[in-house]
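Engineer:
Residue numbers (the working numbering), protein chains in the order written: chain A, -7 to 281; chain B, 768 to 888.
(1) Please return the same chain residues whose Cβ sits closer than 7 Å to the Cβ of residue 57 of chain A, not counting the five positions on each side in sequence.
(2) Assuming residue 269 of chain A and residue 232 of chain A are in contact, meaning their beta carbons sit under 8 Å apart, how far apart are those beta carbons, in whole angstroms?
(3) Out of curiosity, what's the CA-to-CA distance linking residue 94 of chain A and residue 133 of chain A?
(4) I want to know whether the segment 12 to 27 of chain A touches the segment 236 to 254 of chain A - three or more CB-CB distances under 8 Å.
(5) Do residue 197 of chain A and residue 284 of chain A have their beta-carbon atoms positioned less than 8 Å apart in this structure?
(6) Leaving out five residues before and five after residue 174 of chain A in sequence, what residues of the same chain have Cβ atoms less than 7 Å from its Cβ?
(7) Chain A partners of residue 864 of chain B, CB-CB under 7 Å?
(8) Determine the DSSP secondary structure at residue 148 of chain A, reduced to helix, strand or coil.
(9) Enumerate in chain order the residues of its own chain whose CB-to-CB distance from residue 801 of chain B is below 6 Å, with the five nearest sequence positions on each side excluded.
(10) With a threshold of 8 Å between beta carbons, is residue 842 of chain B in contact with chain A?
(11) Any idea which residues DSSP pairs residue 165 of chain A with across the strands?
(12) Quick check on the DSSP output: the alpha helix (DSSP H) that includes residue 769 of chain B runs from which residue to which?
(13) Across which residues does DSSP place residue 109 of chain A in a beta bridge pair?
(14) Pick out whichever of B:839, B:864, B:818 and B:814 has its Cα sitting closest to the Cα of residue 790 of chain B.
(15) Of the residues that make up the segment 796 to 827 of chain B, which ones have a beta carbon closer than 7 Å to any beta carbon in chain A?
(16) What residues match up with residue 344 of chain A in a beta bridge as DSSP calls it?
(17) So which of A:118, A:126, A:258 and A:171 has the shortest CA-CA distance to residue 359 of chain A?
(18) Take residue 825 of chain B and list the residues in its own chain whose beta-carbon comes closer than 7 Å to its own, dropping the five residues that flank it on each side.
(19) Mapping DSSP to helix, strand and coil, what is residue 48 of chain A?
(20) Pick out whichever of A:35, A:91, A:202 and A:74 has its Cα sitting closest to the Cα of residue 144 of chain A.
(21) So, is the C-beta of residue 35 of chain A closer than 8 Å to a C-beta in chain B?
(22) Pull up the CB-CB distance for residue 229 of chain A and residue 865 of chain B, whole angstroms please, since I reckon it's below 8 Å.
(23) Assign residue 212 of chain A to one of three DSSP states: helix, strand, or coil.
(24) Relative to chain B, which residues along the segment 74 to 89 of chain A have a C-beta separation below 9 Å, given in chain order?
(25) Just confirm the distance between the C-beta atoms of residue 130 of chain A and residue 202 of chain A, as a whole number of angstroms; I'd bet it's less than 8 Å.
(26) Buried or exposed: where does residue 79 of chain A fall if 16 or more other Cβ atoms within 10 Å of its Cβ makes it buried?
(27) In the DSSP assignment, what residue or residues form a beta bridge with residue 70 of chain A?
(28) From which residue to which residue does the alpha helix (DSSP H) around residue 139 of chain A run?
(29) Do we get a CB-CB distance below 8 Å when we pair residue 171 of chain A with the residues of chain B?
(30) Sort A:103, A:47 and A:49 by Cα distance to residue 63 of chain A and report the nearest one.
(31) What does a CB cutoff of less than 6 Å around residue 45 of chain A pick up in its chain, not counting 5 residues either side in sequence?
(32) Whose C-alpha, out of A:275, A:261 and A:271, is nearest the C-alpha of residue 248 of chain A?
(33) Just the Cα atoms here: how many angstroms apart are residue 128 of chain A and residue 845 of chain B?
(34) Around the C-beta of residue 784 of chain B, are 16 or more other C-beta atoms found within 10 angstroms, so that it is buried, or is it exposed?
(35) If we count the other Cβ atoms within 10 Å of its Cβ and call it buried at 16 or more, is residue 117 of chain A buried or exposed?
(36) For a cutoff of 8 Å on Cβ pairs, would you count residue 229 of chain A as touching chain B?
Listed below in structure tokens is the structure:
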């Protein structure tokens, strides 16, 4: 994947802004890349990124300083998401970011870095020294969604194979069903996907599984009118954080159905909702704490 | 085009903004349900509006917009209707039911929250 190298002028670490009324997890976001080349059609980056060529910020010494300050001020466990504004593994190992983060984690205390990906690019992770301090989170969609909307990403099978490799390497693995896109075949598609997860992975070792329905900014909705207008034919409503989501009973219905399937087929795997208000957690019988 | 025809024939009256809405709803329903605009406007509930002798042109226009909205947003419309029936509380829920306030506004017999917890299948 092509990219430019650059220095980051703003801070690398920022407290995650979940949005008004959204249940948060007290995470920090690490911004080390300017945008993502995978170009998934529904991604919010389509709305915020004007530049096509991603930039990797290589002023690693500033990053080291910020990290030191952050952990010296931390009063408890720290969670850092390194995959918020780009796929965490798409430029690796060439970019050297993960390797650098690995170095930072040595002796850093209770810190977990989340590497979020839709790739199968995990081979290089076997050389990590602090495997227990990384969680590789694979964003999972049914294969038909991947083919239609995530064309530059790894297939479902390859993602799950990569997740398996991570588990074999002793790295924590998490899964996110995000974004869940409503369709008439949703239950069948996710049942098939969940069965594949069960078949490929050691589900006892999986981190809690996150669910999140499609959410759109107003700007992204305008972009989708051209690129994927079929996504907009659902019943979207504005939510307290300003994003548009499926009407509450629709997404609650989706979550409840998926939770039932997960409970049935992946017993023991905990489920949480990502970027939803507390009242939706309650609708789904989930507790936020 | 069909909407314009109905307006020209003096069957309905639509304000400019309602005309925009009508086109939008028709287009979206048409793409979602794979129906032509003509077929949608020939649905019994909509045809009944055009032939209703008790409504003037503006009332027919308003009813048409409401009916097209109900077709475009069936779940939202269903919840709004249930909410109106459940208690005598109009417009007291959060916009689009995004929020918790409504849980405390229901009167005995109103089971809206229960329906949300157990969505209809």
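Ideal placement from N, C-alpha and C gives every residue a C-beta, glycine not left out.
Structural biologist: Quick look at the numbers:
(1) Hits under 7 Å: none found.
(2) Rounded to the nearest angstrom, the Cβ distance from residue 269 of chain A to residue 232 of chain A is 6 Å, consistent with a contact under 8 Å.
(3) Annotation: residue 94 of chain A to residue 133 of chain A spans about 29 Å, alpha carbon to alpha carbon.
(4) Of all C-beta pairs linking the segment 12 to 27 of chain A to the segment 236 to 254 of chain A, fewer than three are shorter than 8 Å, placing the two stretches out of contact.
(5) This structure gives no information on residue 284 of chain A, because the portion of chain A shown stretches from -7 to 281.
(6) Excluding the 5 residues flanking it on each side, residue 174 of chain A has same chain C-beta neighbours closer than 7 Å at 226, 238, 242 and 246, in chain order.
(7) In chain order: 240.
(8) The three-state reading of DSSP puts residue 148 of chain A in helix, counting H, G and I together.
(9) Cβ contact annotation for residue 801 of chain B (same chain, cutoff 6 Å, sequence separation greater than five): none.
(10) Flagged as an interface residue toward chain A: residue 842 of chain B, by a C-beta distance shorter than 8 Å.
(11) Residue 165 of chain A pairs with A:128 and A:198.
(12) Where residue 769 of chain B is concerned, the enclosing alpha helix (DSSP H) stretches over 769 to 775.
(13) Residue 109 of chain A is bridged by DSSP to A:130.
(14) The residue with the shortest Cα to Cα distance from residue 790 of chain B is B:839.
(15) Flagged, chain order: 798 and 799.
(16) Shown here, chain A extends from -7 to 281; a query on residue 344 of chain A therefore has no answer.
(17) There is no way to answer for residue 359 of chain A, as the model of chain A reaches only from -7 to 281.
(18) Only 780 meet the Cβ criterion.
(19) In the structure shown, residue 48 of chain A sits in a strand (DSSP, three-state: E or B).
(20) Distance check between residue 144 of chain A and each of A:35, A:91, A:202 and A:74 places A:35 closest, using alpha-carbon atoms only.
(21) No, residue 35 of chain A does not count as interfacial toward chain B.
(22) Rounded to whole angstroms, the Cβ separation of residue 229 of chain A and residue 865 of chain B is 6 Å, and the two are in contact under 8 Å.
(23) Residue state, collapsed to three classes: helix.
(24) Taking 9 Å as the Cβ-Cβ cut-off against chain B, none of the residues of the segment 74 to 89 of chain A qualify.
(25) Contact flag wrong, Cβ pair sits at about 11 Å.
(26) Label assigned to residue 79 of chain A: buried.
(27) Looking at the DSSP assignment, residue 70 of chain A forms a beta bridge with A:103.
(28) Run containing residue 139 of chain A: 135 to 141, per the alpha helix (DSSP H) assignment.
(29) For residue 171 of chain A, no CB of chain B lies under 8 Å from its own CB, so it is not counted at the interface with that chain.
(30) For the residues A:103, A:47 and A:49, the minimum Cα distance to residue 63 of chain A belongs to A:103.
(31) -4.
(32) The shortest Cα separation from residue 248 of chain A among A:275, A:261 and A:271 belongs to A:275.
(33) The C-alpha of residue 845 of chain B is placed about 42 Å away from the C-alpha of residue 128 of chain A.
(34) The C-beta of residue 784 of chain B has fewer than 16 other C-beta atoms within 10 Å across all chains shown, which makes the residue exposed.
(35) Buried.
(36) Cβ-Cβ to chain B under 8 Å: yes for residue 229 of chain A.
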